[in-house]
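To keep things clear, I will list the structure first and then write my remarks on it.
Residue numbers (the numbering used here): 45 to 349.
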């Protein structure tokens, strides 16, 4: 968890920089490496205070970039970095009017992916996608050297299977739609207000890359891949203004199968590298090993490894 002292320093700096006075605050969500609070200000009004440790310390840059390229995101009021921790004040949009739907996703996804990525931001192009299995294996080796993930033979087997088909299946990563990507474009990332306006939240995983992986993230990785539903989403995406190339095969596979497969490989690599770098502690190893194993087995099936 982020130390309370660090959280307090970030908030004090942000309030001082913005000439604001806090009346009281309420906790919204807390995770191991980040937290979200609603701040009620003296004189009325409220803002959201977000704070995070690495690797989630570039969200303020992506919020500014989204605003600059016309993508609907919360307004960044202030940001500060201190000792590898990020603190931000952003507009308080209030509780959502309802849960986001596919129709809401299709309102914003075409414009999102047609926007340019941030030049100095993360990139997920063909070469980067091709390295994911290697990145995952290196992270697994590092974990084993720490005495962790000892019973992860299934993960090793799946990574080896995927490595054998990577060169063939990675083809098409740079095809349109390719541009600004959210990284976790699922229901909770979309805020719907009373008038139906859609705002994209939580940009900590943003990058420049293939928009199809963003669309695949809508379905998550916890359930069996629903290929017909993913295909319908792609047709809706194109009808809403997304690139028609999004329907084209890539890597010798249907676009939706390719996207769901590589989305799972990326998610598995993220879990492994996060654990190896201390984002996730040893107490999560059993649960995360099971998640990674499931993701990679499913990915291998989708990518015909």
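Glycine residues also receive a C-beta, built at the ideal position from the N, C-alpha and C atoms.
Given the structure is predicted, the values throughout are model-derived calculations rather than measurements.
Identity of the residue in the options nearest residue i by Cα
i           : options            : result
residue 98  : 70, 304, 79, 128   : 128
residue 280 : 154, 48, 121, 252  : 154
residue 74  : 201, 48, 196       : 48
residue 212 : 294, 283, 337, 242 : 294
residue 84  : 70, 327, 233       : 70
residue 178 : 250, 201, 267      : 201
residue 68  : 216, 86, 337       : 86
residue 307 : 288, 190, 322, 254 : 254
residue 116 : 169, 106, 50       : 106
residue 143 : 191, 121, 240      : 240
residue 157 : 207, 191, 221, 215 : 221
residue 326 : 232, 272, 191, 247 : 191
residue 206 : 339, 72, 288, 122  : 339
Residue(s) in a DSSP beta bridge with residue i
i           : result
residue 154 : Paired residues: none, contrary to the question.
residue 254 : 222
residue 338 : Per DSSP, none; premise fails for residue 338.
residue 135 : 91
residue 119 : Answer by DSSP bridge pairing: none, since residue 119 is not bridged.
residue 78  : 96
residue 70  : 82
residue 168 : DSSP lists no partner for residue 168.
residue 129 : 97, 126
residue 235 : 243
residue 297 : 294
C-alpha gap between residue i and residue j, whole angstroms
i           : j           : result
residue 344 : residue 132 : 39 Å
residue 64  : residue 91  : 10 Å
residue 146 : residue 102 : 28 Å
residue 262 : residue 256 : 10 Å
residue 59  : residue 275 : 47 Å
residue 88  : residue 234 : 26 Å
residue 119 : residue 149 : 20 Å
residue 108 : residue 318 : 26 Å
residue 51  : residue 249 : 21 Å
residue 292 : residue 62  : 48 Å
residue 111 : residue 72  : 24 Å
residue 337 : residue 266 : 12 Å
residue 124 : residue 247 : 16 Å
residue 55  : residue 228 : 26 Å
residue 278 : residue 296 : 17 Å
residue 46  : residue 171 : 34 Å
residue 93  : residue 66  : 11 Å
Residue j beta carbon less than 8 Å from that of residue i
i           : j           : result
residue 141 : residue 236 : yes
residue 230 : residue 264 : yes
residue 53  : residue 126 : yes
residue 309 : residue 167 : no
residue 194 : residue 188 : yes
residue 304 : residue 260 : yes
residue 242 : residue 341 : no
residue 113 : residue 164 : no
residue 282 : residue 290 : yes
residue 209 : residue 329 : no
residue 77  : residue 323 : yes
residue 82  : residue 136 : yes
residue 217 : residue 169 : yes
residue 272 : residue 346 : no
Cutoff 7 Å; reference residue i; Cβ partners in own chain excluding five residues on either side
i           : result
residue 335 : 315
residue 180 : 203, 312, 313, 316
residue 350 : No answer is possible for residue 350: the residues shown for the chain start at 45 and end at 349.
residue 232 : none
residue 331 : none
Residues of its chain near residue i, where Cβ-Cβ distance is below 6 Å and the 5 sequence neighbours each way are ignored
i           : result
residue 161 : 223, 224, 252
residue 79  : 95
residue 320 : 183, 186, 187
residue 130 : 96, 101
residue 122 : 58, 61, 62, 133
residue 258 : 225, 226, 229
residue 284 : 150, 154
Beta-carbon proximity list for residue i, same chain, < 8 Å, skipping 5 on both sides
i           : result
residue 333 : 193, 195, 196, 199
residue 138 : 237
residue 288 : 282
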